[in-house]
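For reference, the structure is listed below as structure tokens.
Numbering (the UniProt record's numbering), first residue to last: 1 to 325.
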């Protein structure tokens, strides 16, 4: 009988590969959390007299264009040049238009909802997208979640809502009494729009994951198709908007370009997560980024953390343990 050493399920080589994979995923997810968490503080830094000095829609176009160019460069550097010469089949390319349309719809919904609710209510209620994403993930992708995993996602949703709600008392009480500001409010139409927003957000994430995993194409080529539509749709939306009084690149600074680079990198990293991981992981990344956002706002902007800050931290940690154990 021939005995082959160290090829079993617990062989050192296999264990080493598993640890290397875990470290790579840890670095990737940690980088995404950091970029997500610093996004809002960086935007706040760019403000002049309380207003952003650049055209937000043009910023979205530049982010999509950066992702497109990086995807093209990656495809060329990895030997996929031949894919550019062969005309792509419509059946392969067309599905990538759907996520671009859904994300563009959500961007407009965020703006529209502000007329029917205050920003704080939107911040709290938008955490419902965790529930909508989980439901669509289970239904559309046929992924059956264990009861403990549903509990984990419930904890994740309530952690986000509690963190958003507990942040409402950061407003200056003296200023609130001296000057009448916006009150907490939401209309029936606003509540409906929030539900639509959460469903569209979940559908966009689940559909993108389904397309990326269903096609046996290089990820860089899939990203190329995806961001081609992203540039086209967001470009049309930007140039057709007449409400903005700013030119396309007006008000761009080093910080703005940093935001664009960060968000472009995050979009590409997210495609890796959706291709080789799970859309549920995306929810944990976004939830953890809220905590980084709060810490960065404390360090950079001098905002005060509430005494309740450790509670959502604990809830998110418990949710991660329950889901991935």
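A virtual CB, placed ideally from N, CA and C, is assigned to each residue, including glycine.
Report buried or exposed for residue i, applying the criterion of at least 16 other Cβ atoms within 10 angstroms of its Cβ.
i	result
residue 233	buried
residue 64	buried
residue 127	buried
residue 18	exposed
residue 47	exposed
residue 49	exposed
residue 247	exposed
residue 279	buried
residue 142	exposed
residue 287	buried
Alpha carbon to alpha carbon, how far is residue j from residue i? Give it in angstroms, no decimals.
i	j	result
residue 149	residue 270	21 Å
residue 172	residue 124	Model confidence at residue 172 stands at a pLDDT of 45, short of 50, so the residue's coordinates are unreliable; what they give is reported in the following sentence. Looking at the two C-alpha atoms, the distance is approximately 20 Å.
residue 292	residue 86	44 Å
residue 237	residue 59	12 Å
residue 137	residue 160	19 Å
residue 325	residue 106	33 Å
residue 44	residue 15	44 Å
residue 290	residue 224	29 Å
residue 198	residue 109	10 Å
residue 57	residue 259	13 Å
residue 194	residue 164	15 Å
residue 227	residue 301	33 Å
residue 38	residue 84	36 Å
Report the option in the options whose CA atom is closest to the CA atom of residue i.
i	options	result
residue 276	130, 210 and 134	210
residue 99	235, 207, 223 and 261	207
residue 93	50, 216, 17 and 73	216
residue 274	41, 153, 222 and 126	222
residue 229	121, 97 and 319	97
residue 134	121, 231, 153 and 126	153
residue 115	212, 314, 285 and 192	192
residue 262	203, 35 and 29	35
residue 75	256, 218, 249 and 214	218
residue 91	231, 214, 121 and 32	214
Assuming residue i contacts residue j (C-beta within less than 8 Å), just tell me the rounded distance between them.
i	j	result
residue 220	residue 80	6 Å
residue 151	residue 322	6 Å
- Item | Continuous alpha helix (DSSP H) assignments of at least 4 residues falling wholly in the region 258-317 | Counting only runs of 4 or more, we get 279-296.
- Query: Hey, which unbroken runs of the alpha helix (DSSP H) at 4 residues or more fall wholly within the region 64-103?
  - Reply: Annotation: the region 64-103 contains the following complete segments of the alpha helix (DSSP H) (minimum length 4 residues), in chain order: 82-85 and 90-93.
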